[in-house]
Amino acid sequence: MKKITLNLIIILLLQSCNENKTIKYLKLNDNQTLKKGEWLSSTDSLAGISIRENKIAFFKKMVFNSEDICGFSIIDSIHKNDNSEKKIGMFLLVVKNKDTTKYKILKRSEKLLVIENKGTTETYKFWR
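Quick look at the structure:
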């Protein structure tokens with residue numbers, strides 16, 4: 094019985110070594126633009142996002158300061174096996190000094206941006 098169990102364990106270990114390994118990596122999305130202008134929160138019409146060039150600022154009460162302006166990038170999360178590559182998700186990386194915040198992009202269009210961070214989902218609609 095011990096011999097059979099040992100043989101099964103060895104077979105399982107050898108088989109797991111032959112399985113395709115998934116490589117996970119990030120790459121820049123081909124489309125790095127978000128529509129320039131103001132995007133208002135669907136829950137608070139005085140809060141939102143301002144986009145200019147490759148800069149982003151989150152605002153409250155329709156105001157933000159210069160230190161609120163950050164750079165951003167849109168990246169894709171990719172899982173690659175030996176014979177396939179699959180896009181798992183899209184993320185908005187907001188970079189402020191040496192601090193980076195990652196938001197998962199759930200929906201992105203000309204008029205709507207839905208992002209998630211730490212279990213909280215925010216919806217922004219393009220205003221002007």
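The sequence shown begins at 94 in this note's numbering and counts up by one. We put the beta carbon where it would ideally sit given N, CA and C, even for glycine.
To the nearest angstrom, how far is it from the Cα of W132 to the Cα of I149?
Rounded to the nearest angstrom, the gap between the Cα atoms of W132 and I149 is 11 Å.
Taking all protein chains shown into account, do 16 or more other C-beta atoms lie within 10 angstroms of the C-beta of E34, making it buried, or fewer, making it exposed?
Given a span of 94 to 221 for the chain in the structure shown, any question on residue 34 remains unanswerable.
Cα separation between K180 and Y217?
24 Å
What residues in its chain sit with their C-beta under 6 Å from that of E215, if we drop five residues either side in the sequence?
For E215, where only same-chain residues beyond five positions count, the Cβ hits under 6 Å are I208.
Does the Cβ-Cβ distance between I168 and L121 come in under 8 Å?
yes
Return the residue from the list T213, T136, T115, N147 that minimises the CA-CA distance to N124.
N147
If you draw a straight line from the alpha carbon of R221 to that of T115, how long is it in whole angstroms?
Answer to the nearest angstrom: the Cα atoms are 43 Å apart.
Where does V187 land, buried or exposed, given buried means 16+ other C-beta within 10 angstroms?
buried
Looking at the secondary structure, which residues open and close the beta strand (DSSP E) in which N210 lies?
For N210, the enclosing beta strand (DSSP E) covers residues 205-210.
Among all the DSSP beta bridges, which residues are the ones paired with I181?
Its beta-bridge partners do not exist; DSSP assigns none.
To the nearest angstrom, how far is the alpha carbon of M155 from that of S177?
The straight-line gap from Cα to Cα measures roughly 46 Å.
Measure how close the beta-carbons of F152 and G141 come, nearest whole angstrom, since I'm counting them as under 8 Å.
6 Å
If you draw a straight line from the alpha carbon of K211 to that of Y118, how long is it in whole angstroms?
21 Å
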